[in-house]
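Residue numbers (the numbering used here), protein chains in the order written: chain A, 27 to 351; chain B, 4 to 350.
Take a look at the structure set out below.
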Amino acid sequence: MANVQAAQPKDAAAMFLGGYARMHLIREFETAIHRLFLAGEVHGTTHLGAGQEAVAAGVCMALRPDDYVAGTYRGHGHALAKGTPPEPLVAEMLGRATGVCGGRAGSMNVVDVEHGLIGCYGIVGGSIAATVGAAMSAKRQGGVAVAFFGDGAVNQAYFHECLNMAKVLLLPAVFVCENNFYGEFTPMGSVTAGGDIAGRARAYDMPSAVLDGNDLWAVHEAVSEAVERARSGGGPTLLECQTYRHYGHSKSDPAPYRPKEEVERWLARDPLKLARTRLLEEGVTEERIEQTEAEVSALIEHAVAAALAAPYPDPDQLAATEYRR
Amino acid sequence: MSALEFRDAIRDALAEELERDPAVIFFGEDVAAPGGVFKVTTELFERFGPERVFDTPISELALAGAAYGAAATGLRPVIEVMFGDFMGLTMDSLVNQAAKLWYVSAEQRSAPLVVRSAVGAGGRFGAMHSQTHGTWFQGVPGLKIAFPSSPAEAKALLKGAIRDDNPVLFLEHKRLYSVKGPPPEREVIALGEAAIARAGDDLTIVSIGKGVPDALAAAEELAGEGISAEVVDLRTLRPLDLQTVLASVARTNRVLADRRLGLRATRVGRRAGAARPGRRLDRRHRRDADPLQPDARGRLRSRRRRHRRERARSRRRRGRVAEPRTNAAACYYWRSPAVQSGLRLRS
């Protein structure tokens, strides 16, 4: 027993190093997509989640591979954290045939069934609804379904209808609100009555918490508890993870509406910096961290090169797939 | 063989599918313990228990979203959205999530779900409880829309819908629930097959759902006047079995489309009249056979069309063309651009 306890901190550090690697992967991925967007390789628009990595990584660290996750249109991180490899994901962003959805989903609507990502939804709140249904399946399988959604979604009917239904049916769901304080271009506080997102769960007699969404450890701990409750039949939980997006809402938005001091304050609390510092404190060596970072960077570099070399889908293949036969 | 009531046909189909496939679940408002407001789903809750058959809050967005999420993760949910009029609330999950999953995911997964609703007027339920929502969804690729016309069809078509791997809207006309009829001859009707409900030679009446018994009654009346009408029961609004319709119209050269259901036909009377000398319809009848004439007029007014028509007429007069292109009689189209493009394929 003593041995197990002694081993725990080391294992925990290794686990959080893995979490940090995921965060770094998401950051590098978003940076690459930003660069590719400016080069005209990403068609349409894209919503980058840099700055919010600790939420996706912390949540998915607490999940099993067969648990379900529903993401948002800012969902690259959700996919990467749940296990989608970067190569088919970059290819998807570029609309290539080798993309995880053959180039049909693009940036906003990625589905990766193999890794339990049931979808990313372009309509605010869609992930919450999908999660209620996925939790019905998960309940049979002893699994859990997690919804990622933003602060904007808490004013959608989906939020209220689905939290109520999930609680009434005691579904194994975890509702993870990535509160980045802006619904598109509008400050959360000015359109959210009461301003207290987690507090809304009280109306549904649902456990909830406000978390530092930039703290990988805090997110992981709270989600682990919620997942444990869900698996053991205790029903759903609402977690409000307070975080910040480093880019604007989408690629057409330079975010001039955000006060400079606010941006600087959050940049100083960059989740990657926080996690790196904490890992060093926990005894992970600088060398080990650098090695991890280099591995991730190489992975992304390779993924981008492969995606750029991949063909576009054959338009003739697209028309015949309206129905599954 | 004892007669089957429409509502029992629905319930039996649900019970048999719940029995056959453990992935099938059924939920909605007042459907489990209360047995449904139209008493369609009685005894299912008692028989299959709260894990398979359950009541939900009055939350149509959540209902449809839950159906999608469950279908996307391996279950085969059947939900009831009590009245078709409430379907506006379900559209995001059905249109953006369920209908697109198969395509957007590059065929990783489809969403095999069924949404049952009571539709149609005649129950004195007023403006917000009497609509038929089929046409609202007719332009949504990836969705299927089924609308049975008889108890036998209801049972076999619902089984077909539940076994279909795509999202299906299943419309049940309120005025059919108490209708009795023979049990089905086939266990399952696959979606997308129209049926000839009555054979005839002079006119094709195209309808679906409750419109089919209405059309059969009309055909019976016409028979008394010496007109032999064929009735095509579409069974599904989407996909649309245009082959069956066109094959019928190719024989009868006249089509009457049930406009109440969003069906439209135009130019048909005129062409058919030209095509069958001696059976020429007079102007008034042409208009009747052409319920959308005001809409069509704009197109008909187009100079090119008029020119083409006159040229064809003069050619016919000169005897250079023995028969006009009678297939044009089958210019039967829908509001849906997808179906219109289907028609364009026909020459």
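We put the beta carbon where it would ideally sit given N, CA and C, even for glycine.
All values reported here derive from a predicted model rather than from experimental measurement.
Legend: CB atoms of the region 101–131 of chain A lying less than 7 angstroms from CB atoms of chain B belong to residues Cys127, Gly128, Arg130 and Ala131. When DSSP states are grouped into helix, strand and coil, Asp58(B) belongs to the strand group. At a Cβ-Cβ threshold of 9 angstroms, Thr57(A) and Ala82(A) do not count as neighbours. By the Cβ neighbour-count rule, Asp342(A) is exposed, with fewer than 16 other Cβ atoms within 10 Å of its own. Taken through DSSP and simplified to helix, strand or coil, Asp138(A) comes out as strand.
DSSP places Asn256(B) in the coil class of the three-state scheme, outside both helix and strand.
Under the three-state reduction of DSSP, Lys147(B) is assigned to strand.
In the DSSP assignment, Pro80(B) falls within the unbroken beta strand (DSSP E) covering Arg79 to Phe86. Contact between Gly97(A) and Cys146(A) holds: CB atoms are separated by about 4 angstroms, below the 8 angstroms threshold. Within the same chain, Cβ atoms closer than 6 angstroms to the Cβ of Ala171(A) are found at Tyr94, Thr157, Ala160, Ala161, Ala164 and Ala199, the five residues on either side in sequence being excluded. Taking 3 residues as the minimum length, the beta strand (DSSP E) runs contained wholly in the region 187–243 of chain A are 199–205 and 234–238, in order along the chain.
Sequence-distant Cβ neighbours of Phe185(A) in its own chain, meaning closer than 7 angstroms and more than five residues away, are Gly151, Ile154 and Ala179.
In the three-state scheme derived from DSSP, where H, G and I count as helix and E and B as strand, Gln268(A) is classed as strand. Burial state of Phe175(A) is buried, judged by a 10 Å Cβ sphere holding 16 or more other Cβ atoms.
Your pair Ile165(B) and Val117(B) checks out as a contact, with CB atoms roughly 6 angstroms apart and the cut at 8 angstroms. Of the residues Asp238(A), Leu89(A), Val245(A) and Ile59(A), the one whose Cα lies closest to the Cα of Arg295(A) is Asp238(A).
A residue is called buried once 16 or more other Cβ atoms fall within 10 Å of its Cβ, and Gln317(A), having fewer, is exposed.
Against chain B, a Cβ distance below 9 angstroms from Cys188(A) picks out Ser62, Leu64, Ala65, Gly68 and Ala69. Here Tyr338(A) is near Gly129(A), since their CB atoms are less than 9 angstroms apart. A Cβ of chain A is located within less than 9 angstroms of the beta carbon of Gln111(B). Around the Cβ of Met90(B), a 10 Å sphere holds 16 or more other Cβ atoms; the residue is buried. The DSSP-derived three-state label of Thr124(A) is coil.
Residues of chain A whose Cβ lies closer than 8 angstroms to the Cβ of Pro144(B) are, in chain order, Glu348. Residue contact with chain B for Tyr184(A): present (Cβ-Cβ distance below 9 angstroms to some residue of chain B). By the Cβ neighbour-count rule, Ala121(B) is buried, with 16 or more other Cβ atoms within 10 Å of its own. Between the beta-carbon of Val136(A) and that of Gly101(A) there is about 6 angstroms, and that keeps the pair under the 8 angstroms contact cut. Between the alpha carbons of Gly72(B) and Ala333(A) lies a gap of roughly 30 angstroms. Here the alpha carbon of Ala202(B) sits roughly 60 angstroms from the alpha carbon of Gly66(A). The three-state reading of DSSP puts Thr239(B) in strand, counting E and B together.
Taking C-beta atoms as the reference points, Arg351(A) and Asp168(B) count as a pair closer than 9 angstroms.
Look at Gly184(B) here: in three-state DSSP terms it is strand. Chain B places no beta carbon closer than 9 angstroms to that of Ala336(A), leaving this residue out of the contacts. The criterion of a C-beta distance shorter than 9 angstroms is not satisfied by Glu8(B) and Lys213(B).
Identification of residues in the region 15–26 of chain B having a C-beta nearer than 7 angstroms to some C-beta of chain A yields an empty set. The secondary-structure analysis by DSSP pairs Tyr94(A) across a beta bridge with Ala171(A). Each of Val171(B), Phe41(B), Ser113(B) and Val258(B) was checked against the Cα of Ala74(B), and the nearest Cα belongs to Ser113(B).
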